[in-house]
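Visitor: This is the structure I have questions about; it appears just below.
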Amino acid sequence: MDHRAAGLTDAEAIRMYRTMLLARRLDERQWLLNRAGKLPFVISCQGHEAAQVGAGFALKPGVDFVLPYYRDLALVLALGVTSEAVMLAAFARADDPASGGRQMPNHFSDRRLRIFTQSSPTGTQIPHAVGFAWAARYTGEPFVAFVSFGDGTSNQGDFHEGLNFAGVFRLPVIAFVENNRYAISVPLERQIASPDVASRAQSYGMAGVKVDGRDPFAVYRVVREARERALAGEGGTLIEADVMRLTPHSSDDDDRTYRSREEVEALRQADPVARVRAYLLEQALLDAAALEALEAEVAAEVDRATAAAEAAPLPDPATAMRHVYAEAPERPGASTDRWGGAGGKGPEGWTEPAPAGGGTDGGR
Amino acid sequence: MDHRAAGLTDAEAIRMYRTMLLARRLDERQWLLNRAGKLPFVISCQGHEAAQVGAGFALKPGVDFVLPYYRDLALVLALGVTSEAVMLAAFARADDPASGGRQMPNHFSDRRLRIFTQSSPTGTQIPHAVGFAWAARYTGEPFVAFVSFGDGTSNQGDFHEGLNFAGVFRLPVIAFVENNRYAISVPLERQIASPDVASRAQSYGMAGVKVDGRDPFAVYRVVREARERALAGEGGTLIEADVMRLTPHSSDDDDRTYRSREEVEALRQADPVARVRAYLLEQALLDAAALEALEAEVAAEVDRATAAAEAAPLPDPATAMRHVYAEAPERPGASTDRWGGAGGKGPEGWTEPAPAGGGTDGGR
Amino acid sequence: MAVKTYIEAIREALWQAMERDPGVFVLGEDVGRRGGVFRATAGLLERFGERRVVDTPLAESAIVGVAIGAAAYGLRPVAEIQFADFIYPATNQIVNEAAKIRYRSNGAWSVPLVIRAPYGGGVHGALYHSQSVEKAFTGHPGLRVVTPSNPYDAKGLLLAAIFSDDPVLFLEHKKLYRLAKGEVPEDFYTVPLDRARTVREGDDVTVIAYGLMVPYALEAAERLAREEGIEATVLDLVTLYPLDRAAIVEAARRTGKVLIVHEDNGEGGVGGEVAAVIAETALFDLDAPIRRLTGPDVPAMPYSPPLEAWFMPSVERIAAAMRELARF
Amino acid sequence: MAVKTYIEAIREALWQAMERDPGVFVLGEDVGRRGGVFRATAGLLERFGERRVVDTPLAESAIVGVAIGAAAYGLRPVAEIQFADFIYPATNQIVNEAAKIRYRSNGAWSVPLVIRAPYGGGVHGALYHSQSVEKAFTGHPGLRVVTPSNPYDAKGLLLAAIFSDDPVLFLEHKKLYRLAKGEVPEDFYTVPLDRARTVREGDDVTVIAYGLMVPYALEAAERLAREEGIEATVLDLVTLYPLDRAAIVEAARRTGKVLIVHEDNGEGGVGGEVAAVIAETALFDLDAPIRRLTGPDVPAMPYSPPLEAWFMPSVERIAAAMRELARF
Ligand SMILES: Cc1ncc(C[n+]2csc(CCOP(=O)(O)OP(=O)(O)O)c2C)c(N)n1
Ligand SMILES: Cc1ncc(C[n+]2csc(CCOP(=O)(O)OP(=O)(O)O)c2C)c(N)n1
Ligand SMILES: [Mg+2]
Ligand SMILES: [Mg+2]
């Protein structure tokens with residue numbers, strides 16, 4: 001769709017493309033580093049970038065709570081996660097802001113940006129998002145909770161229980177399904193018995209919306225609309241974006257056993273990054289030279305991030321016992337930072353809890 | 001609906017009424033015994049009888065696998081469970097065929113009748129039913145799996161995961177929701193975000209059917225049709241029967257804190273047992289005298305069952321360690337009884353497994 | 001100081017926590033209009049309203065999962081699982097999520113969540129309303145598991161759990177709800193989440209127990225003291241995970257003869273870990289083999305009264321085991 | 001007899017079981033066309049077809065729950081949980097259903113089900129692809145939990161599990177899949193589901209271990225024997241629940257010095273129960289406190305190589321603990 005029709009400026013459209021490109025190049029670099037034996041594991045966003053960037057630009061970073069899944073590199077870049085942060089996590093360095101090198105790559109977390117820490121079991125983040133949305137309702141703070149996941153994950157019990165909970169209370173949650181028609185090797189027909197995922201919204205008294213996940217502007221619009229409905233107290237939305245998985249499931253996978261090369265080739269022909277690039281050219285938002293300059297700029301950023309991350313120190317095993325339970329406050333006053341990130345302060349009249357007797361309290 | 005239009009003979013319609021009445025009187029007797037301090041716990045079918053009997057008569061006892069829940073007294077009576085068996089379980093006697101007094105009352109099980117043992121956590125039986133339906137497909141044995149549960153239970157993850165599994169493989173399963181609009185104290189609006197339960201069928205590529213659960217003949221027809229579709233390989237059906245809970249949730253509950261007496265009184269006015277009684281009179285299937293004779297016959301049956309069960313011995317603690325793991329065969333050849341009940345033999349060419357080395361094998 | 005029941009103490013703790021901090025709210029099945037099937041939350045809806053006393057859909061994984069999100073935001077949810085037996089659908093949310101969130105985020109996020117769950121038997125609850133579920137939830141670093149044995153601890157421990165910044169599984173023994181009575185201060189106070197408590201001192205034999213088995217052990221100890229002059233130390237574990245190892249070792253050393261009592265099955269139960277701590281740390285202080293008296297190794301407690309009685313450890317059986325150990 | 005890897009042995013067991021009994025089928029995520037993410041089921045789809053090699057939707061509770069129904073009918077499903085870390089959504093179906101069905105029906109119904117789950121770390125799997133989940137699933141009577149440490153046992157134990165009439169949680173250590181090699185008979189054979197196995201004999205110190213820690217302990221033992229003349233008995237538990245108590249006690253008695261090794265966290269782990277069995281039964285045969293060497297008490301194994309190495313017990317650390325104990 002035309003980016004202007006979606007309510008986006010030219011500059012925004014260009015920034016969206018830049019974010020898609022950066023995600024793609026960071027992702028490709030990780031594969032190279034994996035094949036070179038430098039990274040044990042990669043999991044990709046390739047083919048999902050348009051959908052993710054469309055969603056990311058429709059959200060308010062640091063205000064909305066975002067609960068991504070492992071494919072959401074482009075989404076978190078759109079929200080403000082840096083290339084260096086991504087590479088620090090890929091190299092499992094001490095300064096990885098998501099986990100200090102404790103989690104696998106692409107297990108995003110950034111408290112300041114209100115990107116909630118995620119695990120690997122699929123779908124567990126859906127009830128968490130509903131819990132954040134519950135907190136919005138509870139405190140009156142105006143934000144939405146945005147949660148994303150794959151098509152296969154819509155079969156998990158937590159999907160059903162979480163969205164039903166959100167529906168009963170009409171909570172401001174946006175559930176975003178990135179439907180790439182596979183769960184590792186199992187194709188969509190073997191995963192879900194409904195014709196699509198969006199129609200499951202009906203079970204939860206929610207709006208269900210399908211959108212072309214190769215079109216960042218269309219995605220932007222439906223997510224923005226869902227956000228507005230949520231903030232207006234009209235409840236949640238289940239959005240299904242059709243995307244494609246251009247790589248194997250992960251660097252541990254070999255998809256030749258279950259996908260024909262023709263099928264993958266056909267997907268490559270429809271690559272969303274190329275498509276948006278063509279759109280920018282066609283709309284004369286950028287010319288070939290500007291696109292090349294952008295490529296160079298992004299490549300330099302990827303280089304810098306890689307070099308910085310590779311040079312950064314690994315975590316010290318002496319720290320490995322930390323953060324099992326709350327620790328005694330390291331900086332006094334830390335415990336006043338209770339509001340899920342930088343922005344939140346809590347409503348008027350909120351009091352801090354008194355210290356508990358158990359010696360288990362403290363700041364974080 | 002007219003019983004003939006549903007494909008039922010007069011005799012069948014009368015038998016259906018008798019089963020409803022028997023269920024009601026057995027249930028009432030348990031409450032009396034509870035109030036007299038003789039039974040620690042009662043959970044009722046009152047208000048659900050029409051739906052249950054309609055379903056029970058549409059199934060083939062000993063052929064179809066049935067996975068009931070704790071309200072399904074009328075259902076299991078329709079399938080062939082005896083009054084005495086019911087009372088033996090209520091009194092937790094050694095000869096309780098469902099569990100030997102191990103489980104709470106109304107945790108039905110009868111292997112010969114292919115009524116599968118149930119637990120108390122709600123919804124766990126739904127995937128089990130899908131597993132039996134899988135076995136039907138696997139072996140080619142022509143039966144359906146019928147599973148029932150309450151409206152609140154349709155929020156459990158196991159409902160979603162189980163029905164999706166059934167939908168993907170188009171398995172012969174009938175999921176029967178007895179919607180009494182409460183889950184203990186929580187009303188339907190607070191339970192499910194969809195307008196009804198039946199429409200959730202769409203998420204599973206299944207037929208969803210709503211039926212008046214006060215009309216046993218209408219229920220009979222939709223269950224019979226679902227059974228035929230299932231046997232014809234056309235997949236499962238989610239049936240929602242509107243029923244009413246005439247009692248508190250259980251003998252441990254006091255519903256005055258959450259239901260007005262007017263509401264309960266209004267339900268009583270619409271009592272399905274009275275309604276079918278009136279229908280039989282109106283259709284002249286039975287006259288007042290015959291109805292009275294039936295009452296007397298049922299009362300006598302309840303008396304007999306109660307007396308027999310009360311007089312029966314309690315289980316011997318010496319048996320309490322039994323049936324944790326498979327025991328050495330008590331009767332040689334027992335291990336050939338592998339086919340889920342009396343009827344099943346398994347398809348041609350099936351071989352018995354060889355005894356394992358672990359000493360853990362044996363008959364049941 | 002007023003004498004209150006265990007369940008009154010719990011209700012009072014919930015009430016005071018909600019008064020004190022507007023971020024505290026309760027959620028669960030039937031906790032609102034019904035006031036809880038055991039009445040633990042009775043009166044809260046009327047006092048605090050629907051926003052803070054939430055009847056949820058019937059879906060345990062969502063109850064815990066939603067509470068995790070709310071807690072990570074900074075609220076202090078108190079989730080009720082109606083019977084501990086029904087906690088298992090939420091296992092993934094409890095052990096893979098709540099317990100691991102602080103660690104996996106390198107301290108950036110935390111989950112100040114309490115999960116209350118009535119457990120235990122002897123109440124004609126049969127296999128699925130009598131379970132002791134602690135063994136499945138102990139041993140997951142990041143999660144605390146505690147259980148009070150008396151009204152005083154019930155209140156103070158629940159307040160400590162609510163105002164702790166860690167997830168706490170708070171197990172309440174159903175049979176103690178109305179059986180246990182004791183003095184409970186009106187004021188706000190907390191009982192540490194990481195300390196066992198010596199509830200009786202004596203030099204002949206040490207009994208280590210928790211939950212309902214603590215009053216049973218105390219009664220057995222009093223009887224043996226009165227009738228046979230056997231004096232027992234009784235240690236109430238209070239915290240099942242992480243254990244208060246120092247207190248366990250000290251209690252074991254005091255008499256050199258240790259009886260561990262719990263209602264849960266023996267093999268794989270919390271008692272094994274307690275025995276291991278002693279065998280690692282105080283082996284040469286022991287004068288007798290460690291002894292466990294527990295529920296039998298069958299899947300769960302049967303319904304029929306003779307079978308239920310067979311399952312439950314009783315004061316008599318505890319006293320007999322203590323006597324045997326004292327004479328060893 | 002051919003030398004095979006651990007995973008080849010597992011594949012061979014599946015193949016032979018399916019050949020032998022048409023009621024045996026496998027189901028799970030990616031077990032069909034992909035042949036399993038570890039390739040344990042590779043080739044089965046081609047040989048046995050879609051009816052018996054079933055790619056399921058992504059839903060663990062359904063995988064186990066559906067398998068329970070099929071097993072209760074009389075089939076012999078072998079369900080794969082892709083990584084043990086993802087088993088928790090199925091906890092309710094495993095411990096409240098599969099484990100309790102025979103007991104609650106007084107023996108009328110049974111569940112001849114095997115759940116295979118790759119577990120364990122040291123493979124750069126981080127918190128959610130490295131877990132040892134055994135502690136949550138041991139202690140549920142009715143369910144067996146076993147884990148082989150070598151290819152011979154992998155095949156025989158899996159065949160025994162498949163043809164057992166009880167539900168068995170069959171844990172396969174991921175790091176052994178290709179690391180462990182050994183002779184595996186072509187024929188059908190079974191290894192008992194209720195027996196530990198003495199894999200080395202020696203009089204100075206006893207090591208009790210399971211899974212990956214068995215080859216580690218053996219290597220440590222060989223090294224100590226060679227270099228320092230310390231001779232160890234090594235007991236492979238094989239079965240984690242119910243434990244083979246007699247074998248544990250005998251192994252402890254043999255040397256009077258016991259080191260228990262596992263990769264799972266220490267507190268609440270299987271080692272606690274093993275120590276308790278010894279402290280109850282063979283206390284006066286002990287010449288040293290029981291010692292445990294285990295994974296640390298943090299929520300799960302971190303990803304970064306130095307942290308992962310810090311978590312995993314190593315041959316060096318096992319050898320050091322054995323030496324210390326031998327010298328005690
Ligand atoms: C509970 C759980 N089961 C299994 C896995 C292993 N696994 C990781 S990703 C995946 C497929 C997910 O498919 P989908 O939800 O469609 O997301 P996609 O990867 O296609 O974006 C599986 C089975 C897991 N992470 N968690
Ligand atoms: C997993 C689980 N959670 C909670 C309970 C406690 N409980 C028993 S019945 C019930 C309500 C069930 O409502 P519904 O499914 O509508 O069935 P109904 O009793 O109304 O027929 C609840 C919450 C349970 N048995 N299992
Ligand atoms: Mg997918
Ligand atoms: Mg209901």
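Protein sequences appear in the order of chains A, B, C and D.
Position 322 (the first sequence) corresponds to 322 in the UniProt record's numbering; numbering is contiguous.
Position 271 (the second sequence) corresponds to 271 in the UniProt record's numbering; numbering is contiguous.
Position 135 (the third sequence) corresponds to 135 in the UniProt record's numbering; numbering is contiguous.
Position 159 (the fourth sequence) corresponds to 159 in the UniProt record's numbering; numbering is contiguous.
For each residue, glycine too, the CB sits at the ideal point set by N, CA and C.
Considering only DSSP beta bridges, list what Asn179/B is partnered with.
Guide: Paired residues: Asp242/B.
Visitor: By the 10 Å Cβ neighbour count, where 16 or more other Cβ atoms means buried, how is Ala288/A classified, buried or exposed?
Guide: Label assigned to Ala288/A: exposed.
Visitor: Can you tell which of Val86/B, Phe176/B, Ala55/B, Ala6/B has the C-alpha that lies nearest to the C-alpha of Glu310/B?
Guide: Of the listed residues, the one whose Cα sits closest to Glu310/B is Val86/B.
Visitor: Throw me the rounded Cβ distance for the Asp151/A and Asn180/A pair, which I believe falls under 8 Å.
Guide: Right, the Cβ-Cβ distance comes to about 7 Å (below 8 Å), so this counts as a contact.
Visitor: Under 8 Å, CB to CB, which of the residues in the segment 150-161 of chain B have a partner in chain C?
Guide: So the list reads Gly152, Thr153, Asn155, Gln156, Gly157, Asp158, given in the order they occur along the chain.
Visitor: Going by CA-CA distance only, name the one from Ala308/B, Tyr138/B, Val66/B, Thr247/B that's closest to Val147/B.
Guide: Of the listed residues, the one whose Cα sits closest to Val147/B is Val66/B.
Visitor: Using a Cβ-Cβ cut-off of less than 9 Å, give me the residues of the segment 176-196 of chain A that come near chain B, in sequence order.
Guide: Taking 9 Å as the Cβ-Cβ cut-off against chain B, the residues of the segment 176-196 of chain A that qualify are Glu189, Arg190, Gln191, Ile192, Ala193, Ser194, Pro195.
Visitor: I need the straight-line Cα distance from Gly235/A to Trp134/A, nearest angstrom please.
Guide: So the two alpha carbons sit approximately 11 Å from each other.
Visitor: Measuring straight from C-alpha to C-alpha, what distance separates Arg137/B and Val315/D?
Guide: Looking at the two C-alpha atoms, the distance is approximately 50 Å.
Visitor: So, does the CB of Asp30/C fall closer than 7 Å to a CB anywhere in chain B?
Guide: Yes, contact with chain B.
Visitor: Are the beta-carbon atoms of Leu235/D and Ala321/D separated by less than 7 Å?
Guide: The answer is no: Cβ separation not under 7 Å.
Visitor: Who are Thr239/D's beta bridge partners in DSSP?
Guide: Beta-bridge pairing links Thr239/D to Val146/D.
Visitor: Could you tell me whether any Cβ in chain C is nearer than 7 Å to the Cβ of Asn106/D?
Guide: Not one chain C Cβ lies under 7 Å of Asn106/D.
Visitor: Closest Cβ-Cβ distance between Arg338/A and chain B: below 7 Å?
Guide: Because the pLDDT of Arg338/A is 45, which lies under 50, any placement of that residue in the model is unreliable, and the question is left without a value.
Visitor: Count the other C-beta atoms from every protein chain shown that fall within 10 angstroms of the C-beta of Thr91/D, then say buried if there are 16 or more, exposed otherwise.
Guide: Looking at its Cβ environment, which holds 16 or more other Cβ atoms inside 10 Å, Thr91/D is buried.
Visitor: Let me confirm a value: Gly187/D is counted as buried when at least 16 other C-beta atoms fall within 10 Å, else exposed. Which label applies?
Guide: A small correction: the amino acid at residue 187/D is Asp; Gly does not occupy that position in the sequence shown. Result: exposed.
Visitor: In whole angstroms, what separates the C-alpha of Gly23/D from that of Ile81/D?
Guide: Rounded to whole angstroms, Gly23/D to Ile81/D spans 20 Å at the Cα level.
Visitor: Can you give me the start and stop residues for the beta strand (DSSP E) that Ile208/D sits inside?
Guide: Unbroken beta strand (DSSP E) run through Ile208/D: 205-209.
Visitor: What is the rounded straight-line gap between the Cα of Ile101/D and the Cα of Val298/C?
Guide: Straight-line Cα distance between these residues: approximately 12 Å.
Visitor: Who pairs with Glu172/D in a beta bridge, going by DSSP?
Guide: Bridge partners of Glu172/D: Pro118/D.
Visitor: For His262/D and Pro313/A, I'd like the C-alpha separation in whole angstroms.
Guide: One C-alpha to the other measures close to 30 Å.
Visitor: Looking only at its own chain, which residues have a Cβ that is under 7 Å from the Cβ of Val3/D, when we skip the five neighbours before and after it?
Guide: Excluding sequence neighbours, Val3/D sits near Lys181, Gly182, Glu183.
Visitor: Report the option in Arg116/C, Leu45/C, Ala108/C, Phe83/C whose CA atom is closest to the CA atom of Tyr128/C.
Guide: It is Phe83/C whose Cα lies nearest to the Cα of Tyr128/C.
Visitor: So, does the CB of Val53/D fall closer than 7 Å to a CB anywhere in chain A?
Guide: It does not: the Cβ of Val53/D has no partner Cβ on chain A nearer than 7 Å.
Visitor: Can you tell me which of the three DSSP states Asp285/C falls into?
Guide: Helix.
Visitor: Please report whether the beta-carbon of Ser109/A lies at a distance below 7 Å from any beta-carbon of chain B.
Guide: No - not a single Cβ of chain B is within 7 Å of the one on Ser109/A.
Visitor: Exposed or buried, Gly122/C, counting other C-beta atoms within 10 Å across all chains shown (16 or more means buried)?
Guide: Under this definition Gly122/C is a buried residue.
Visitor: Using the beta-carbon of each residue, which ones in chain E are nearer than 8 Å to Tyr103/C?
Guide: You won't find chain E in this structure, because its protein chains are A, B, C and D.
Visitor: Please identify, using Cβ separations under 9 Å, the residues of the segment 53-79 of chain D that lie next to chain B, in order along the chain.
Guide: So the close ones are Val54, Thr56, Pro57, Ala59, Glu60, Ser61, Ala62, Ile63, Val64, Gly65, Val66, Ala67, Ile68, Gly69, Ala70, Ala71, Ala72, Tyr73, Gly74, Leu75, Arg76, Pro77.
Visitor: Checking contacts by CB at 7 Å: is Asp236/D closer than that to chain B?
Guide: Chain B, which has no Cβ nearer than 7 Å to the Cβ of Asp236/D, makes this no.
Visitor: Once the 5 residues before and after Gly358/B are set aside, which same chain residues still bring their CB inside 8 Å of it?
Guide: Interpretation of Gly358/B is limited by its pLDDT of 30, a score under 50 that renders its predicted location unreliable; no figure is taken from the coordinates.
Visitor: Name the chain C residues whose beta carbon is nearer than 9 Å to that of Pro142/A?
Guide: Simply none; closest approach about 14 Å.
Visitor: Could you work out which residue in Pro172/B, Glu12/B, Glu84/B is closest to Gly54/B when comparing CA atoms only?
Guide: Gly54/B has its Cα closest to that of Glu12/B, out of Pro172/B, Glu12/B, Glu84/B.
Visitor: Under 7 Å, Cβ to Cβ, is there at least one residue of chain B near Ser304/C?
Guide: Yes, Ser304/C counts as interfacial toward chain B.
Visitor: If contact is defined by three or more beta carbon pairs under 8 Å, each pair taking one atom from either stretch, is the segment 135-147 of chain D in contact with the segment 262-282 of chain D?
Guide: Because the criterion of three Cβ pairs below 8 Å is met, the segment 262-282 of chain D and the segment 135-147 of chain D touch.
Visitor: In angstroms, rounded to a whole number, what distance separates the CA positions of Leu237/C and Arg47/C?
Guide: When rounded, the distance between both Cα atoms is 34 Å.
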